[in-house]
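K.L.:
Next up is a structure, given as structure tokens.
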Amino acid sequence: MNIRKAGESNSAGQRKGAKSYEIDMCNGPLLGKIILFAVPLMLSGILQLLFNAADIVVVGRFAGNEALAAVGSTGSLINLLINVFIGLSIGTNVLVAQYYGAKKEKEVSETIHTAILTSLICGVALIILGVSLSKLMLTWMGTPDDVLEQATLYMRIYFIGMPVMMLYNFGSAILRAVGDTRRPLYFLLLAGVVNVVLNLFFVIVLNMGVAGVATATVISQIVSALLVLRCLIKSEGCLHVHIKQLRIHKDKLMRMIRIGVPAGMQGAIFSISNVLIQSSINSFGSLTMAGNTAASNIEGFIYNAMNSFHQTALSFTSQNLGGGKTDRIKRVAFLCQVLVVIVGLVMGYGAYFLGTQLLHIYSSDPQVVSFGLQRMQIICTTYFFCGLMDTMVGVLRGLGYSVMPMVVSLMGSCALRIIWIFTIFAWTPTLFVLYLSYPVSWFLTWSVHLICYFAVKKRWDIKSV
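Taking my numbering, I'd label the letters of the sequence shown as residues 5 to 469.
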């Protein structure tokens with residue numbers, strides 16, 4: 005895609021270097037470009053999880069099971085609070101990609117400046133929410149007394165870093181929209197090294213426990229956010245960010261909200277059901293919580309690998325829609341579904357068969373390992389259904405249908421899991437029955453998303469006749 009660059013005095017070599025990170029999504033064979041786009045995203049997700057794993061492993065090994073449970077018990081609650089705001093970054097991705105595909109430079113620039121300022125505003129709002137509500141919401145979740153104070157401390161420190169976390173997420177969404185998934189990977193790699201080094205220093209040397217891993221996380225997020233901001237400031241043409249021109253363009257913000265808020269609500273809906281499930285897990289005690297934390301962290305590697313195809317489907321669909329090439333969208337949807345199943349099956353079963361060895365990295369307690377394996381037996385072997393579900397959501401969002409997948413997810417995940425907890429789990433209160441709610445909800449939700457996609461596709465076919 006040849007978008008004219010502003011500033012003709014810049015050298016051709018500089019322009020070529022900037023464009024070399026981008027992928028032309030609207031022309032040529034798709035399979036190779038989808039893989040080229042998805043692999044850096046996959047590695048970025050895995051790196052992000054490695055940083056989180058460093059938190060979990062260090063705190064589990066050097067601060068005890070209670071600290072491990074404290075860090076792990078906050079995950080679903082943190083996601084609940086931030087997902088609505090993260091949804092706006094999805095709206096940014098879709099909007100920038102559509103304008104970029106349509107070669108509307110002015111609209112791309114206005115969207116980017118709106119998004120950067122919005123990310124900082126969202127981050128400040130999250131500081132207020134996270135710091136003030138952490139202990140209350142953890143108490144509502146039934147967090148055990150031996151875990152509550154440490155979990156609260158971790159969350160409060162973590163949320164202090166929200167402005168830079170939002171800035172990185174919005175900035176990365178902008179780069180993904182034009183096909184650049186490599187530079188966010190490089191930024192994460194550098195930030196991850198900082199995170200691991202500081203984890204070891206704060207926890208082992210300074211004996212800071214959960215406060216140490218939270219502080220290390222915040223500092224590493226500052227590094228990654230500054231790098232992505234620097235990248236956009238140094239970019240040419242419509243991607244260039246002028247700090248003095250940061251302002252809210254109302255029409256762009258409203259479009260971001262229309263796409264992003266339903267996407268964020270969908271994430272929050274999942275988090276609500278996960279909070280309820282976490283509350284049920286909490287009732288089994290701190291050892292079960294620790295095992296669940298370790299298993300969830302391992303599963304996160306699989307999820308992030310599969311989620312790369314959700315983001316790939318989102319960006320490719322958005323750009324081709326903006327470029328008026330709807331025939332390519334059908335191929336994008338098919339290829340992303342096939343690839344996500346392959347990745348989900350290979351990584352899911354691989355993690356399960358190596359489960360004992362992997363869980364021992366997090367804890368040497370045999371009970372913790374046993375509880376972790378119970379979860380992995382169900383989740384890892386069926387996780388590809390979650391990948392199918394998310395990838396189809398990416399296609400629908402890229403087409404501009406954000407409310408539809410939100411409503412489907414509300415019914416298929418949140419409502420179904422809540423009903424499951426208060427009926428089937430209440431009748432048979434075992435971990436197996438509790439964990440079974442995940443694959444059942446994934447499969448049913450994906451099936452309905454697929455029906456929605458074919459309904460949308462039928463409209464294309466009628467229009468093209």
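We put the beta carbon where it would ideally sit given N, CA and C, even for glycine. None of the values given here were measured: they were computed from a predicted structure.
What is the C-beta distance between A227 and I178, in whole angstroms, given that I count them as a contact (C-beta under 8 Å)?
P.N.:
Residue 227 sits at position 223 when you count from the first residue of the sequence shown. Residue 178 sits at position 174 when you count from the first residue of the sequence shown. Here the sequence assigns Val to residue 227, which means Ala is not the residue at that position. Not confirmed; about 18 Å, so no contact.
K.L.:
In whole angstroms, what is the alpha-carbon distance linking Y162 and V217?
P.N.:
On the sequence shown, position 158 is the one that residue 162 refers to. On the sequence shown, position 213 is the one that residue 217 refers to. Those two C-alpha atoms are separated by around 9 Å.
K.L.:
Would you kindly check if the distance between the Cβ of L403 and the Cβ of L325 is under 9 Å?
P.N.:
Stepping through the sequence shown from its first residue, residue 325 is reached at position 321. Stepping through the sequence shown from its first residue, residue 403 is reached at position 399. It is a contact, given that the beta carbons lie within the stated cut-off.
K.L.:
When you compare each of L435, C418, T434 and K461 to T449 by their alpha carbons, which one comes out closest?
P.N.:
Against the sequence shown, residue 449 aligns to sequence position 445. When each option's Cα is compared against that of T449, the closest is C418.
K.L.:
Please report the residue range of the alpha helix (DSSP H) in which A317 lies.
P.N.:
Stepping through the sequence shown from its first residue, residue 317 is reached at position 313. Taken as a continuous stretch (DSSP letters only), the alpha helix (DSSP H) holding A317 covers S290 to G326.
K.L.:
When we look at the beta-carbon of H246 and count the other beta-carbons within 10 Å, is it buried (16 or more) or exposed?
P.N.:
On the sequence shown, residue 246 is found 242 positions in, with the first residue counted as 1. Label assigned to H246: exposed.
K.L.:
What residue does the alpha helix (DSSP H) around F388 start on, and which one ends it?
P.N.:
Translated into positions along the sequence shown, residue 388 becomes position 384. Counting along the chain, the alpha helix (DSSP H) containing F388 begins and ends at F388 to G402.
K.L.:
Closest to L362 by C-alpha separation, out of I302, I285, S224 and C126, would be which residue?
P.N.:
Taking the first residue of the sequence shown as position 1, residue 362 is located at position 358. The candidate whose alpha carbon is nearest that of L362 is I302.
K.L.:
How about G398 and L318: do their beta carbons lie closer than 9 Å?
P.N.:
As a position in the sequence shown, residue 398 is number 394, starting the count at 1. As a position in the sequence shown, residue 318 is number 314, starting the count at 1. Yes; because the gap between Cβ atoms is below 9 Å, this pair is in contact.
K.L.:
Use the C-beta contact count for Q4: other C-beta atoms within 10 angstroms, 16 or more gives buried, fewer gives exposed.
P.N.:
It is not possible to answer for residue 4, since the shown part of the chain is limited to 5 through 469.
K.L.:
Using beta-carbon positions only, say whether L291 and V372 come within less than 9 Å of one another.
P.N.:
Position 287 of the sequence shown, counted from the first residue, corresponds to residue 291. Position 368 of the sequence shown, counted from the first residue, corresponds to residue 372. Yes.
K.L.:
Mind checking whether the beta-carbon of S312 lies closer than 8 Å to any heavy atom of the ligand ZN?
P.N.:
Among the components of this structure there are no ligands whatsoever, and the ligand ZN is therefore not found.
K.L.:
With respect to the alpha helix (DSSP H) encompassing A119, which residues constitute its N-terminal and C-terminal limits?
P.N.:
Along the sequence shown, one-based indexing puts residue 119 at 115. That run of the alpha helix (DSSP H) goes E109 to W144.
K.L.:
Enumerate in chain order the residues of its own chain whose CB-to-CB distance from S277 is below 7 Å, with the five nearest sequence positions on each side excluded.
P.N.:
For the purposes of this step, residue 277 is taken as the residue at position 273 of the sequence shown. Here the set comprises S417, C418, R421 and I422.
K.L.:
Shortest alpha-carbon distance to V460 belongs to which of G359, V344 and P409?
P.N.:
On the sequence shown, residue 460 is found 456 positions in, with the first residue counted as 1. It is P409.
K.L.:
With a threshold of 16 other CB atoms inside 10 Å of the CB of D28, please say whether the residue is buried or exposed.
P.N.:
As a position in the sequence shown, residue 28 is number 24, starting the count at 1. D28 comes out exposed.
K.L.:
Exposed or buried, which one is A430 when buried takes at least 16 other CB atoms within 10 Å?
P.N.:
As a position in the sequence shown, residue 430 is number 426, starting the count at 1. When all chains shown are included, A430 counts as exposed.
K.L.:
For F458, which residues of its own chain have a beta-carbon under 7 Å away from its beta-carbon, when the five flanking residues on both sides are left out?
P.N.:
Sequence index remark: in the sequence shown, residue 458 carries index 454 (1-based). No residues qualify anywhere along the chain.
K.L.:
What is the C-beta distance between P443 and F357, in whole angstroms, given that I count them as a contact (C-beta under 8 Å)?
P.N.:
In the sequence shown, the residue the question calls residue 443 occupies position 439. In the sequence shown, the residue the question calls residue 357 occupies position 353. Contact doesn't hold; Cβ gap of about 18 Å is too wide.
K.L.:
With DSSP collapsed to three states, give me the class of M169.
P.N.:
Stepping through the sequence shown from its first residue, residue 169 is reached at position 165. The answer is helix: DSSP assigns M169 an H, G or I state.
K.L.:
Is it right to say K462 is buried, meaning 16 or more other beta carbons lie within 10 angstroms of its own, or is it exposed?
P.N.:
As a first step, residue 462 must be located in the sequence shown, where it is residue number 458. Result: exposed.
K.L.:
At the level of alpha carbons, what is the spacing between C235 and V437?
P.N.:
The residue you call residue 235 lines up with position 231 of the sequence shown. The residue you call residue 437 lines up with position 433 of the sequence shown. When rounded, the distance between both Cα atoms is 47 Å.
K.L.:
Among G304, S312, R251 and A220, which one has its Cα closest to the Cα of V496?
P.N.:
What the structure shows of the chain is the stretch from 5 to 469, and residue 496 is not part of that stretch, so it cannot be assessed.
K.L.:
Considering only residues of the same chain and omitting the five flanking positions on each side of L85, which have a CB-CB separation below 7 Å?
P.N.:
Within the sequence shown, residue 85 is the residue found at index 81, counting from 1. Around L85: L130, L133 and G134.
K.L.:
Alpha carbon to alpha carbon, how far is L377 from T360? Give it in angstroms, no decimals.
P.N.:
In the sequence shown, counting from the first residue as 1, residue 360 sits at position 356. In the sequence shown, counting from the first residue as 1, residue 377 sits at position 373. Straight-line Cα distance between these residues: approximately 7 Å.
K.L.:
From P433 to T385, what distance separates their C-alpha atoms?
P.N.:
Residue numbering aside, residue 433 sits at position 429 when the sequence shown is read from its first letter. Residue numbering aside, residue 385 sits at position 381 when the sequence shown is read from its first letter. Cα to Cα, P433 sits roughly 22 Å from T385.
K.L.:
Label T143 either buried or exposed according to how many other C-beta atoms from any shown protein chain fall within 10 Å of its C-beta, with 16 as the threshold for buried.
P.N.:
Numbered from 1 along the sequence shown, position 139 holds the residue referred to as residue 143. So T143 counts as exposed.
K.L.:
Tell me the residue span of the alpha helix (DSSP H) that contains K238.
P.N.:
Along the sequence shown, read from residue 1 onward, the residue named residue 238 stands at position 234. Unbroken alpha helix (DSSP H) run through K238: V214 to K238.
K.L.:
CB I223 to CB V198, shorter than 9 Å?
P.N.:
Counting from one through the sequence shown, the residue named residue 223 turns up at place 219. Counting from one through the sequence shown, the residue named residue 198 turns up at place 194. Against a cut-off of 9 Å, the Cβ pair of V198 and I223 comes out as a contact.
K.L.:
Terminal residues of the continuous alpha helix (DSSP H) containing K334?
P.N.:
Translated into positions along the sequence shown, residue 334 becomes position 330. Its alpha helix (DSSP H) spans residues T330 to F357.
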